[in-house]
Amino acid sequence: MSGAGGTTAARLLMHASSDIPVDTPRVPAREAAKHELSKPMYHENDPNLLQRSLDRLWGWVGDLLNTASGAAPGGPLGLVVLVLVVIGLVAALWWRLGTPHRTVRSADALFNDSPRSAAEHRTAAEAHAAAHRWNEAVQERMRAIVRALEERALLAPRPGRTADEAAAEAGRPLPTHATRLRAAAREFDDVTYGSRTADQQAYLDVRALDLDLETAKPLLTAAAQGAAE
-13 MSGAGGTTAA
-3 RLLMHASSDI
7 PVDTPRVPAR
17 EAAKHELSKP
27 MYHENDPNLL
37 QRSLDRLWGW
47 VGDLLNTASG
57 AAPGGPLGLV
67 VLVLVVIGLV
77 AALWWRLGTP
87 HRTVRSADAL
97 FNDSPRSAAE
107 HRTAAEAHAA
117 AHRWNEAVQE
127 RMRAIVRALE
137 ERALLAPRPG
147 RTADEAAAEA
157 GRPLPTHATR
167 LRAAAREFDD
177 VTYGSRTADQ
187 QAYLDVRALD
197 LDLETAKPLL
207 TAAAQGAAE
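So that you can map any letter, position 51 of the sequence shown is 37 in the numbering used here, and since no number is skipped, the others follow by simple counting.
1. Please determine, among LEU206, GLU126, GLU151, ARG42, the residue with the shortest C-alpha to C-alpha distance to TYR189.
2. Starting from the C-beta of GLU122, find all residues in its chain whose C-beta is less than 6 Å away, skip the five residues before and the five after it, and write them out in chain order.
3. For a cutoff of 7 Å on Cβ pairs, would you count TYR189 as touching chain D?
4. For PRO161 and GLN186, I'd like the C-alpha separation in whole angstroms.
5. Could you tell me the distance, in whole angstroms, from the CA atom of ALA142 to the CA atom of VAL177?
6. Is the beta carbon of ALA170 less than 7 Å from the beta carbon of VAL192?
7. Output yes or no for whether 7 Å exceeds the beta carbon distance between ILE131 and ASP175.
8. How long is the line joining the alpha carbons of ARG147 and ARG102, rounded to whole angstroms?
9. Write down the C-beta distance between ARG144 and HIS107 rounded to the nearest angstrom, noting that I regard them as a contact closer than 8 Å.
10. Using a Cβ-Cβ cutoff of less than 8 Å, which residues in the same chain neighbour MET128 once the five nearest sequence positions on both sides are dropped?
11. Among ASP41, HIS118, ARG158, which one has its Cα closest to the Cα of LEU206?
12. Whose C-beta lies closer than 8 Å to the C-beta of GLU137 among residues of the same chain, with five residues either side of it excluded?
13. Where does LEU96 sit, in a helix, a strand or coil, going by DSSP?
14. Mapping the DSSP letters down to three states, classify ASP150 as helix, strand or coil.
15. With DSSP run on the structure shown, which of helix, strand or coil describes ARG172?
16. Determine the burial state of TRP120: buried for a count of at least 16 other Cβ atoms within 10 Å of its Cβ, exposed for fewer.
17. I need the DSSP call for ALA142, collapsed to helix, strand or coil.
18. In the DSSP assignment, the alpha helix (DSSP H) including ALA184 goes from what residue to what residue?
19. Find the nearest neighbour of LYS203 within the set ALA77, ARG168, GLY180, HIS163, judged by alpha-carbon distance.
20. Quick check: ALA152 and ARG168, are their CB atoms within less than 7 Å of each other?
21. What did DSSP end up calling ASN52 once you bin it into helix, strand or coil?
22. If you follow the alpha helix (DSSP H) that THR162 is part of, which residue opens it and which one closes it?
23. Starting from LEU135, trace the alpha helix (DSSP H) in both directions and tell me its first and last residue.
24. By how many angstroms is the C-alpha of TYR179 removed from the C-alpha of THR89?
Here it is, written out as structure tokens:
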């Protein structure tokens, strides 16, 4: 085919081929789109991992509150009242029991450092009292009381003795001071383990007990009296 007729035929064939639709299979097309969308340029403004986690957390909290408000008597208002009641109970327990401590009482609950004399404990107590550190002053004065009783042989030195145990043991030879000894031991425990705060009067009470015990006459048992004769 040559000449004008050939040229016309060629043009008709080219036009016909350009009208044939391109039919791309579905799976390769999806994979191509997935590959294209995975490019970083499409994810520059996406939230980071922390933001996505927070969004999920707040969504979970919102769903939980919605569920709780639907189940609580009175709807959302009833839920608010219940939350306030729970907060009030927690605050009351916190105030009553003090700040919880994870520290467990050591075996040597009363004396937790190198041995010191009663006089040294009294000096430390007075130094704390002068600085208005009443908790430490009460602790050191209670230690002075127990150490002084050990020095007078009214208590046998025993590692690991607690303040309560010392008060109970000392109350037998000193029955007229048993009540005050127990009160001093409770004050020691409150400031040491119960996160209570002592005041000046608490320290003065323990100090007065210490001074009174210095001149207190022990009640000797029958066995001790027989040994002394």
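We treat Cβ as the ideally placed atom computed from N, Cα and C, and that holds for glycine.
Once the coordinates are examined:
1. TYR189 has its Cα closest to that of GLU126, out of LEU206, GLU126, GLU151, ARG42.
2. Within the same chain, GLU122 has close Cβ partners HIS114.
3. Absent here is chain D; the protein component of the structure consists of one chain.
4. A direct Cα-Cα distance of roughly 26 Å separates PRO161 from GLN186.
5. When the Cα atoms are used, ALA142 and VAL177 turn out to be separated by approximately 25 Å.
6. Yes, Cβ-Cβ distance for ALA170 and VAL192 is below 7 Å.
7. For ILE131 and ASP175, no; Cβs fall outside 7 Å.
8. About 15 Å.
9. 17 Å between Cβ atoms; not a contact.
10. Hits under 8 Å: LEU96, ALA149, ALA170, ALA171, GLU173, PHE174, VAL192.
11. The candidate whose alpha carbon is nearest that of LEU206 is ARG158.
12. Here the set comprises SER103, ALA104.
13. The answer is coil: DSSP assigns LEU96 none of H, G, I, E or B.
14. Looking at ASP150 - three-state DSSP - the assignment turns out to be helix.
15. Three-state result, ARG172: helix.
16. With 16 or more other Cβ atoms within 10 Å, it is buried.
17. Residue state, collapsed to three classes: coil.
18. Per DSSP, ALA184 belongs to no alpha helix (DSSP H) and is neither H nor E.
19. Nearest option by C-alpha distance: HIS163.
20. Not in contact: ALA152 and ARG168 (Cβ atoms no closer than 7 Å).
21. In this structure, ASN52 counts as helix in the three-state DSSP scheme.
22. Neither: THR162 is in no alpha helix (DSSP H) and is coded neither H nor E.
23. Counting along the chain, the unbroken alpha helix (DSSP H) around LEU135 starts and ends at 120 to 137.
24. Because THR89 sits at a pLDDT of 42, beneath the cut-off of 50, its placement in the model cannot be relied upon, and the following sentence gives the value as read from the coordinates. C-alpha separation (whole angstroms): 9 Å.
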